[in-house]
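To start, the structure itself, in structure tokens.
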Amino acid sequence: MGLAMLLAGNAQADLVLSDAWLRAVPPVSPTMAGYVTVTNNGETPAIITGAHTEIAGHVMLHDMATQKDGTRKMRHLSRVEIPPGESVSFAPAGIHLMLMHLSRVPVEGESVSICIEQGPESAVCSDFQVSRTSPFDA
């Protein structure tokens, strides 16, 4: 059992977060969206089950789905799977993090720590820069 826990811990450490940012919102907003590229450098699929941060009551995984009438609507995802050696981009108009019930609204230029979860006891954290547009677009 100890070996299984050690191996599981090493697998969790194979997630790498990059290009992390939060879209700046008005100071009265109860929500904000987060974006990040998650790379699985491990040898097994990584399953993202959620996220957390000190500034939000909870963080949800969302995706934008096109409806029959052509409009787009957010839908909740219970998990996001990343195959070994691949990346998933959480980006505007696609999969993203939705920070709900903000305790405070961070301002543009600030950084906020957010942890991506792979189950109840494993998370990889990164600082997300608050910006009106992606600070990583060329």
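Residue 1101 is where the sequence shown ends in my numbering, and the numbering goes up by one at each step. Glycine included, every Cβ here is placed at the ideal spot set by N, Cα and C. All of these numbers come straight from a predicted model, not from anything done at the bench.
The beta carbon of Asp-1026 sits closer than 6 angstroms to those of Arg-1038, Leu-1040, Ile-1058, all from its chain and outside the five residues before and after it, given in chain order. One thing to note: Leu-1060 has its Cβ no nearer than 8 angstroms to the Cβ of Ala-1009. The distance from the Cβ of Leu-978 to that of Val-1075 is about 19 angstroms, inconsistent with a contact at the 8 angstroms cut-off. Spatial neighbours of Asp-982 in its own chain (CB-CB distance under 6 angstroms, excluding positions within 5 residues in sequence) are listed in chain order as Thr-1000, Phe-1099. Around Val-1022, the same chain offers Gly-997, Gly-1013, Ala-1014, His-1015, Thr-1016, Leu-1060, Met-1061, Leu-1062, Met-1063, Ile-1077 as residues with beta carbons nearer than 8 angstroms, after the five sequence neighbours per side are excluded.
Beta-bridge analysis with DSSP links Lys-1031 to no other residue. For Phe-1099, the secondary structure class from DSSP, reduced to helix, strand or coil, is coil. For Arg-1067 against Ile-1018, the beta-carbon gap comes to about 6 angstroms, under 8 angstroms, which counts as contact. By the CB criterion at 8 angstroms, Val-1093 and Ala-1028 fall outside the cutoff.
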